[in-house]
Amino acid sequence: MKRGFYTIMAAQFFSSLADNALFVAAVELLRADGAAEWQRAALVPMFALFYVILAPWVGAFADSQPKGRVMFISNAIKIVGCLAMLFGGHPLLAYAVVGLGAAAYSPAKYGILTELLPPSQLVKANGWIEGLTIGSIILGVLLGGQLVGARLSSYLLAFDLPGIDTSIDTAPEAAIASLIIIYGIAAAFNLRIPHTGVQMRPLPRNQLALLPDFWRCNTRLWRDRLGQISLATTTLFWGVSGNMRYIVLAWAAAALHYSTTQAASLVGVVAIGTAVGAVLASMRVRLDRATRVMPLGVLMGALLVAMVFVHSLWVAVPFLIVMGALGGYIVVPMNALLQHRGHNLMGAGRSIAVQNFNEQACILGLGALYAASTGAGLSAFGAITLFGGVVMTFMLAIQLWHRHNLRHHTAQVEHLLDVARRDH
33 MKRGFYTIMA AQFFSSLADN ALFVAAVELL RADGAAEWQR AALVPMFALF
83 YVILAPWVGA FADSQPKGRV MFISNAIKIV GCLAMLFGGH PLLAYAVVGL
133 GAAAYSPAKY GILTELLPPS QLVKANGWIE GLTIGSIILG VLLGGQLVGA
183 RLSSYLLAFD LPGIDTSIDT APEAAIASLI IIYGIAAAFN LRIPHTGVQM
233 RPLPRNQLAL LPDFWRCNTR LWRDRLGQIS LATTTLFWGV SGNMRYIVLA
283 WAAAALHYST TQAASLVGVV AIGTAVGAVL ASMRVRLDRA TRVMPLGVLM
333 GALLVAMVFV HSLWVAVPFL IVMGALGGYI VVPMNALLQH RGHNLMGAGR
383 SIAVQNFNEQ ACILGLGALY AASTGAGLSA FGAITLFGGV VMTFMLAIQL
433 WHRHNLRHHT AQVEHLLDVA RRDH
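For the sequence shown, my numbering assigns the number 33 to the initial residue and increments by one for each residue that follows.
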């Protein structure tokens, strides 16, 4: 790998570490303030909101400037969201601002891989990026749980700046203040990311012109015989996994009677499995064979449904690891294939923005459904059963769609697979 790849990995690790710790801190902040259950569940769709609203612009913005600069600006926006959460802003609205930073960050983070590396290294690079991201999820969720726990928060609250009243008086507020430092570290690494030499695509003077451009890019990727399959798979995967982060917290509270700090460790357990699956996929699956992992998606959905019968920690831990490993093994090659097709069709930043739009719209829709269902009285067990059924049904439909393409568009699919086998 080129040297710049390791700088990208370091920046991604610290930014993702803070994102995931902040989620736990925001959940605990709402709980401590006496907010309703649906508001805590709404954190996930609020984070996804700007991914959907600004999708036509963030990809073009990422293509108009060096990716490292875009990532630096994005982390600065996340810090603004943290400050708003600390000093009077509603946690849901402030968390949406953090989501705005993440929405701008993502096209640059993934887009730079296709600029820096040849196609033969994309699956490996995605495996390392996803594995590292999952590692940061594990540590981030655990860090967030510990920061809001009684032991560590007491040390943080005892720290005072001489002559300054920070108005930080609770464990969640102390946790959020600490995470601003981690976002600062990520921003420092962003400044060290090298320029790739790829020509920038300037933003048009009329920003509204990006709307039809984005729609054309979205349509083009959905019409591509490989792009549509990889996009459908990753959209479904992230739509479910994005909401599972909160659902596991709710399930642990209902099935095991865990606190937020204790339940956070189980989210980390899922992430451990995902990291293992991601690394295995990066070593074993070639880009032109990415679609062969799809049958594992049906199995992952079945395991989700079976999760409602688990009420023992000793059963839950290996169960969650296996489920996470299946997800990691599926998403890494499919994500790499999607990046490859998008880069060839429209450019890195725009293709990642299209991908984010579809995936985050799925997170937003499923998250809104879960929050509304929770408000209407649906239990965590009912939500998990619903999500598992959605995964099984749609993964089976995507497999049938791909088989239809192989039968009726054989020459076109074979040509696209041949392109995926070549670095030039």
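For glycine and all other residues, C-beta sits at the position ideal for the given N, C-alpha and C.
Values in this document were obtained by computation on a predicted structure and should not be read as measured data.
Taking proline 123 as part of the alpha helix (DSSP H), name the residues at either end of that continuous run.
-> 123-148
Give the DSSP-derived three-state secondary structure of tyrosine 402 in the structure shown.
-> helix
Kindly confirm or deny that the stretch 237-247 and the stretch 68-76 touch, where touching means at least three C-beta pairs closer than 8 Å.
-> no
Proximity to valine 90 [Cα-Cα], best of Phe389, Val445, Gly420 and Pro204 | Phe389
If you draw a straight line from the alpha carbon of valine 451 to that of alanine 116, how long is it in whole angstroms?
-> 47 Å
Cβ distance (whole Å) where threonine 266 is taken to contact glutamate 391 below 8 Å | 6 Å
For arginine 453, which residues of its own chain have a beta-carbon under 6 Å away from its beta-carbon, when the five flanking residues on both sides are left out?
-> Asp320
For arginine 101, the nearest candidate out of Gly133, Ala50, Val445 and Asp201 (CA to CA) | Gly133
Verify whether the separation of the beta carbon atoms of leucine 81 and isoleucine 200 is less than 8 Å.
-> no
Beta-carbon separation of methionine 378 and arginine 255 under 8 Å?
-> no
Nearest CA to the CA of glycine 374: which residue from Gln444, Gly309 and Cys249?
-> Cys249
Using only alpha-carbon positions, find the residue among Leu369, Met276 and His289 that is nearest to alanine 74.
-> Met276
State the CB to CB distance for the pair threonine 323 and alanine 357, rounded to an integer number of angstroms; the pair is presumed to be in contact (CB under 8 Å).
-> About 19 Å separates the two Cβ atoms, so there is no contact after all.
Just to confirm, does valine 308 get its C-beta within under 7 Å of one of the non-hydrogen atoms of the ligand ADP?
-> As far as ligands go, the structure on display features none, and thus does not contain the ligand ADP.
Taking C-alpha atoms, which residue in Trp346, Val354, Val325 and Val445 lies nearest to leucine 428?
-> Val325
How many angstroms separate the CA atom of leucine 335 from the CA atom of phenylalanine 351?
-> 8 Å
Who are the Cβ neighbours of leucine 438 in its own chain at under 7 Å, not counting the five residues just before and after it?
-> Val445
In whole angstroms, what separates the C-alpha of leucine 242 from that of phenylalanine 93?
-> 10 Å
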